[in-house]
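Peer 1:
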Amino acid sequence: MLCSPHRCGTSGLLGYYLLDAASLLPVLALNARPDHRVLDLCAAPGGKTLALLLEGCRYLVANDASVSHTNRLRRVLQSYVPRELRTEERVRLTSWDGAEWPEEAAYDRVLVDAPCTADRHSLLQEENNIFHRIRRKERQRLPLLQTQLLLSGLRAAVPGGDVVYATCTLSALQNECVVEGALRRAAEEFGIGAEVQDLRCFQEIFKKTFNFQQDCRLGALVMPHLTANYGPLYLCKLRRLH
Ligand SMILES: C[S@@+](CC[C@H](N)C(=O)[O-])C[C@H]1O[C@@H](n2cnc3c(N)ncnc32)[C@H](O)[C@@H]1O
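Here is the structure:
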């Protein structure tokens, strides 16, 4: 049986949202200030969108290609965020293909929390599993889609702006290789320069809570561990230079 979180006081809002603690890391790494324009390119069901709003984000576009997922995201925001903090000026919900995102150099911060093989979920979930034979083509196309999404994110960021790419898989093909591919294509196809930011200080802060992979080539990877059972969660922070 699924239990609803308790409603809080007289506000009617739900009191808590269950989330893998590692899912907060991409939002914290993004380091959005309240005056930043923020794009959450793959936002549904909305755990990280909630965290962004909790951080004080005031100009947020939350997008998801799936209309049903966007509707779910809307319901999540209605259930957890006071009405005055989700006015149309503050939070705009869209349902576009993030790989074809039309705005260029428009956001100070971009979160690309890409669809992936979602390894923990796939281990536990029988129904509609991404590793099922009938979803093989979709699975094989993931790295290309992820690269296109990250490329869109880099194009949407202003020069000097930051983009965080995140997945919940251990697969290097969906993680580091996607970052390398997107950086190469950004330079070759759009003349966009970007560089990977060093996350060692960031990891240092959280090393007692999360089990980070040693020597992750680009970015950081939270490895599930018996004593710290979070993740997997990959994140890589990129700064657009020009
Ligand atoms: C890992 S989930 C995002 C989780 C979300 N950020 C959160 O914290 O709750 C990936 C999402 O990407 C969406 N998606 C898949 N393809 C997309 C595309 N081409 N453009 C935008 N969103 C896409 C999926 O519908 C899915 O909701």
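As numbered in UniProt numbering, residues 1 to 242 make up the sequence shown, in order. Note that the Cβ used here is the ideal one computed from N, Cα and C, for glycine as well.
Where residue 109 and residue 163 are concerned, what is the direct C-alpha to C-alpha distance, given to the nearest angstrom?
Peer 2: Their Cα atoms are separated by approximately 6 Å.
Peer 1: Among all the DSSP beta bridges, which residues are the ones paired with residue 236?
Peer 2: BP columns for residue 236 point to 165.
Peer 1: Under 7 Å Cβ to Cβ from residue 11, same chain only, skipping five residues before and after it: list those, please.
Peer 2: Closer than 7 Å at Cβ, skipping near neighbours: 82.
Peer 1: Would you list the residues sitting across from residue 111 in a DSSP beta bridge?
Peer 2: 40, 164.
Peer 1: Assuming residue 236 contacts residue 168 under a Cβ cut-off of 8 Å, what Cβ separation, rounded to an integer in Å, is found between them?
Peer 2: About 14 Å separates the two Cβ atoms, so there is no contact after all.
Peer 1: Would you mind listing the beta strand (DSSP E) stretches within the region 86 to 165 that are 3+ residues and don't spill past its ends, in chain order?
Peer 2: For the region 86 to 165, whole beta strand (DSSP E) runs of length 3 or above, ordered along the chain, are 91 to 94, 107 to 113.
Peer 1: Please state whether DSSP places residue 202 in a helix, a strand or coil.
Peer 2: If DSSP states are grouped into helix, strand and coil, residue 202 belongs with the helices.
Peer 1: Residue 196: which of 121, 92, 179 sits nearest, CA to CA?
Peer 2: Considering only alpha carbons, the answer is 179.
Peer 1: I need the straight-line Cα distance from residue 97 to residue 198, nearest angstrom please.
Peer 2: If I take the Cα positions, the gap works out to 30 Å.
Peer 1: Classify residue 229 as buried or exposed, calling it buried when 16 or more other Cβ atoms lie within 10 Å of its own Cβ.
Peer 2: Classification for residue 229: exposed.
Peer 1: According to DSSP, is residue 7 helix, strand or coil?
Peer 2: Three-state DSSP puts residue 7 in a strand.
Peer 1: With DSSP run on the structure shown, which of helix, strand or coil describes residue 212?
Peer 2: If DSSP states are grouped into helix, strand and coil, residue 212 belongs with the strands.
Peer 1: Rounded to whole angstroms, what's the CA-CA distance from residue 15 to residue 242? Just pull it up for me.
Peer 2: If I take the Cα positions, the gap works out to 42 Å.
Peer 1: Alpha carbon to alpha carbon, what distance is there between residue 158 and residue 73?
Peer 2: Between residue 73 and residue 158, the C-alpha separation is close to 26 Å.
Peer 1: Could you tell me which residues DSSP pairs with residue 228 in its beta bridges?
Peer 2: Bridge partners of residue 228: 225.
Peer 1: Could you pull the start and end residues of the alpha helix (DSSP H) that residue 195 belongs to?
Peer 2: Run containing residue 195: none in the alpha helix (DSSP H); it sits in the beta strand (DSSP E), 194 to 196.
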